[in-house]
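The opening position of the sequence shown corresponds to residue 3 in the numbering used here, with each subsequent residue numbered one higher.
Below is one structure; the comments refer to it alone.
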Amino acid sequence: MEIEFTKVKFDNSDPGDPGYDPPAGYFNTLPYRTSRFRDDTVNNATAYIRASYGEDRLARSAITERGHLTSWILPELPNGLTKPTSEFVETSFYLDDIGELLEAAQYIQYSADVQLALTSYVKLGEPDVENDGVLNPLGQFLRGCPGEFKAVLQKMIPRLESIWDSHIALTRRMPFEEYKDYKMKTFNGRFFSKLILSSHDLDVSDIEIASVAHLIDSGSRTMVLTNDYYGFYQEFDEVFKSGDLNKLRNAICVLMRDYGYSEDEAFHILKQEILREEVQLLSEYKAWELSSTTKSDALQRFVALWILACGGLNYWTSFSPRYRTAVSTTKADRAQLTANCSHPVRTLLDYPPPQISQNEASSATQKEISLIVETKQAVTTNGQSNGDKNQGLETFARWTDFLVPLNNLPEDICTAPLEYIRSLSGKKTLPKFAAALNQWFKLPAPCMERLEEVIAIYCDAIMMLDDIEDYSELRRGRPAAHILYGPSQTFNSATYATVEVMKLLAQGERESLGVCLELEEFQRMFHGQALELYWRHHQRCPTIDEYITMIDGKSAGIFRLIYRLMEAEAKIELADSGLLRLMTLLARYFQIRDDYQNLADAKYASAKGFCDDLSEGKFSLPLIHFLNHSPAADRVRTLIFNRQAGSGLSFELKKWILSEMESAGSIEYVADILKSLHAEALRLFEGVEAKLGRNSRLKMMVIATHI
Numbered sequence: 003m004e005i006e007f008t009k010v011k012f013d014n015s016d017p018g019d020p021g022y023d024p025p026a027g028y029f030n031t032l033p034y035r036t037s038r039f040r041d042d043t044v045n046n047a048t049a050y051i052r053a054s055y056g057e058d059r060l061a062r063s064a065i066t067e068r069g070h071l072t073s074w075i076l077p078e079l080p081n082g083l084t085k086p087t088s089e090f091v092e093t094s095f096y097l098d099d100i101g102e103l104l105e106a107a108q109y110i111q112y113s114a115d116v117q118l119a120l121t122s123y124v125k126l127g128e129p130d131v132e133n134d135g136v137l138n139p140l141g142q143f144l145r146g147c148p149g150e151f152k153a154v155l156q157k158m159i160p161r162l163e164s165i166w167d168s169h170i171a172l173t174r175r176m177p178f179e180e181y182k183d184y185k186m187k188t189f190n191g192r193f194f195s196k197l198i199l200s201s202h203d204l205d206v207s208d209i210e211i212a213s214v215a216h217l218i219d220s221g222s223r224t225m226v227l228t229n230d231y232y233g234f235y236q237e238f239d240e241v242f243k244s245g246d247l248n249k250l251r252n253a254i255c256v257l258m259r260d261y262g263y264s265e266d267e268a269f270h271i272l273k274q275e276i277l278r279e280e281v282q283l284l285s286e287y288k289a290w291e292l293s294s295t296t297k298s299d300a301l302q303r304f305v306a307l308w309i310l311a312c313g314g315l316n317y318w319t320s321f322s323p324r325y326r327t328a329v330s331t332t333k334a335d336r337a338q339l340t341a342n343c344s345h346p347v348r349t350l351l352d353y354p355p356p357q358i359s360q361n362e363a364s365s366a367t368q369k370e371i372s373l374i375v376e377t378k379q380a381v382t383t384n385g386q387s388n389g390d391k392n393q394g395l396e397t398f399a400r401w402t403d404f405l406v407p408l409n410n411l412p413e414d415i416c417t418a419p420l421e422y423i424r425s426l427s428g429k430k431t432l433p434k435f436a437a438a439l440n441q442w443f444k445l446p447a448p449c450m451e452r453l454e455e456v457i458a459i460y461c462d463a464i465m466m467l468d469d470i471e472d473y474s475e476l477r478r479g480r481p482a483a484h485i486l487y488g489p490s491q492t493f494n495s496a497t498y499a500t501v502e503v504m505k506l507l508a509q510g511e512r513e514s515l516g517v518c519l520e521l522e523e524f525q526r527m528f529h530g531q532a533l534e535l536y537w538r539h540h541q542r543c544p545t546i547d548e549y550i551t552m553i554d555g556k557s558a559g560i561f562r563l564i565y566r567l568m569e570a571e572a573k574i575e576l577a578d579s580g581l582l583r584l585m586t587l588l589a590r591y592f593q594i595r596d597d598y599q600n601l602a603d604a605k606y607a608s609a610k611g612f613c614d615d616l617s618e619g620k621f622s623l624p625l626i627h628f629l630n631h632s633p634a635a636d637r638v639r640t641l642i643f644n645r646q647a648g649s650g651l652s653f654e655l656k657k658w659i660l661s662e663m664e665s666a667g668s669i670e671y672v673a674d675i676l677k678s679l680h681a682e683a684l685r686l687f688e689g690v691e692a693k694l695g696r697n698s699r700l701k702m703m704v705i706a707t708h709i
């Protein structure tokens, strides 16, 4: 399928690869373009590799005889950015190669160290890297990074988390279709999409990105499968030398080991799957392009560059030396995968069974494989088929119908608002926060999974209640739960969620303590929420001390609950570590930051609505400062609190109020408070680390919140 990006202008690249024919055996169909600056990119990358890593590193670099990877994944990159971008790609390849050598537990720590280095550099201006460690080259790159590329990284930071979380442990064998999704989610295709946005200065919102997620996923699948296709021999060679073939994560391996296909059959199937995924991507793009959906110029350009990046990476992969190094294993060695095929073998939809096993399979097995069962059931009413006439009348319930045994209650109606909230894309910050804390508590995985589920459900319940009490219309850019399901049903679902939390806590080793802690902190949360609702109803501006007390009840409760539950499960006390004090300060910081972003952050507005706190009549810290320091305080108070019932603040009025708050210095005041609190939090964090040990993952999360 031919694709022409007629609505996108190309200034720095040419279609295809001028001067080169596709390499022998090349079969991919996605379009690609080549940067006009490829020679300069190769020269710059070569010099960087030799200076930073030595001559031997060139064989594992992104450089080929045709050019550098950057010239195809980012063909429209301006010439001024090709040098630092190619150096960043080489640094990423180095980091990835180091990560491949690590066990799962080691990789988690390694990934956290990488993210900490990047986040601290962008937010604080200096990478937090141990100078004698394996990340020293990353630190050197960042310290020498030119200002224009630092700006690229700054735009990436809100999306950087989990970019290097690409080694999710493959703890079980899985069907081929499930494997494709697993590999897509763990592949650094996410990195390319974020790099495209940042390096081309494309102003595309998270909501717009979500609208083309299917295109990103389809493109990622083509890349991961192509990577598996060309990388199989080398990956097998490396794993074979380790003596544990179970470590091999490759589609060819899945087809041989779990489906019984020969090596040749597996390669043929994978090739067909790649071509099918590419056709699907192009078809989805054409449908999207022709749809009536609103598409900004920036979004259209991003999608075009994304598809070209997918095609460019697949093209580069087909001839890259990283996949062409000599291997010592043979076809007979690789045949061990089929010989060790799991039993019973899985069957692959749309493909015949393995040729080598067709003559060996029993007739019963073949019947089981080929049988297609199709069932059709008529809908029944009162136990009768709708096909029954019953003289055209429906039999009404008799008194004996009320003697039936106790029925199971359907859960779906009760849980619908909760499930809706859980379906909305979110950062899931607090479960991740708890996971990072576990660096110090060292709870076993099953315990952490349960606690993270507790925290997730707890947060969703609080959000549903908050949205009802604050009259919020949006949650994460989508209608709030009570808008769709009604306040009563949503309140009921939130209450049900708290019961679910108690049930989960009752499964812990110290179940009674866990439930008591949850109830205690839930009670404190209601006390804090009551203060905020009281001030709004009575239009009384709180003092700063009262505001802090409210935060310590409403917002800090979940932080304390996380700490206290983990401490209880771990059966240790960290009272002298300063960690609880740090948690309290972080809770205050996050609440004040939320107040600030509601008024000063455009991305926040897209998720919650423009200056939503003003519409709610919420006494946020910026408003408290303003009402105490501006001559326009009475006029603004009248606008916010003396509206007609049911009438909201218009966009224009909120803009005027915001300008008055800026003139009064209220926004700047809160920003200064946040910077000071963040610095104090980092100081406390270093004190906790001195007592409990380094925690890169948690430190990265704290640094990432710097405004």
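Glycine is no exception: its CB is placed at the ideal position from the N, C-alpha and C atoms.
Any idea which residues DSSP pairs PRO481 with across the strands? LEU476
Assign SER113 to buried or exposed, taking buried as 16 or more other Cβ atoms, counted over all protein chains shown, within 10 Å of its Cβ. buried
Going by beta carbon distance, what residues of the same chain come within less than 7 Å of HIS70, once the five residues before and after it are set aside? ARG40, THR43, VAL44, ALA47, ALA64 and SER88
Continuous alpha helix (DSSP H) stretch holding ARG417: start and end: In the sequence on display, residue 417 carries Thr and not Arg. Where THR417 is concerned, the enclosing alpha helix (DSSP H) stretches over 414-425.
I'd like the ranges of any alpha helix (DSSP H) spanning at least 4 consecutive residues and lying wholly in the segment 60-124. 72-75 and 81-102
Using 8 Å as the threshold, is the C-beta distance between PRO77 and LEU310 below it? yes
Report the partner residues of THR36 according to the DSSP bridge assignment. ASP16
Short Cβ contact (8 Å threshold) for ILE626 with ALA673: no
Rounded to the nearest angstrom, what separates ASN342 and GLU265 at their Cα positions? 13 Å
7 Å CB neighbourhood of TYR232 in its chain, flanking five on each side removed: THR319, SER320 and TYR325
May I ask which residues mark the beginning and end of the alpha helix (DSSP H) holding VAL206? First-last for VAL206: undefined, no H or E at that position.
As a quick exercise: from LEU588, SER579 and GLN525, pick the residue whose alpha carbon is nearest that of LYS693. SER579
Determine, using beta-carbon pairs with one atom in the segment 247-264 and one in the segment 204-212, whether at least three such pairs fall under 8 Å. no
Which residues in the same chain have their Cβ closer than 8 Å to the Cβ of ASP13, if we skip the five residues on either side of it in sequence? GLU78
Counting only the same chain and skipping the five closest in sequence on each side, list residues whose C-beta sits under 6 Å from that of GLU370. Any reading at GLU370 is ruled out, since the residue's pLDDT is 30, under 50, leaving its predicted position unreliable.
Compare the Cα-Cα distances from ALA572 to each of GLN441, GLU691 and LEU660 and report the closest residue. GLN441
Return the first residue and the last residue of the alpha helix (DSSP H) that CYS461 is part of. 447-471
In whole angstroms, give me the CA-to-CA distance for ALA463 and ARG145. 44 Å
I need the straight-line Cα distance from THR492 to ASP472, nearest angstrom please. 14 Å
Determine the closest residue to PHE7 out of VAL214, LEU247, TRP308 and VAL116, with distance taken between C-alpha atoms. TRP308
In terms of alpha-carbon separation, which member of ALA26, PRO20 and GLY27 lies closest to TYR1? There is no way to answer for residue 1, as the model of the chain reaches only from 3 to 709.
Any heavy atom of the ligand NAP inside 7 Å of the beta-carbon of THR331? The ligand NAP is absent from the structure shown, which contains no ligand whatsoever.
Compute the beta-carbon to beta-carbon distance between ALA532 and SER557, rounded to the nearest angstrom, for a pair I have assumed lies under 8 Å. Going by Cβ atoms, the distance from ALA532 to SER557 rounds to 14 Å, so no, they are not a contact pair.
Which residues mark the beginning and the end of the alpha helix (DSSP H) in which ARG645 is found? Counting along the chain, ARG645 falls outside any alpha helix (DSSP H), and DSSP gives it neither H nor E.
Own chain partners of ARG336 with C-beta closer than 7 Å, once the 5 adjacent residues on each side are dropped: PHE238 and GLU265
Cβ-Cβ distance between SER298 and GLU210 below 8 Å: yes
If distances are taken between C-alpha atoms only, which option among PRO446, ILE423 and CYS449 comes closest to CYS461? ILE423
Of the residues HIS484, PHE653, LEU83 and TYR55, which one's Cα is nearest the Cα of GLU92? TYR55
Using the three-state DSSP reduction, which class does ASP246 fall into: helix, strand or coil? coil
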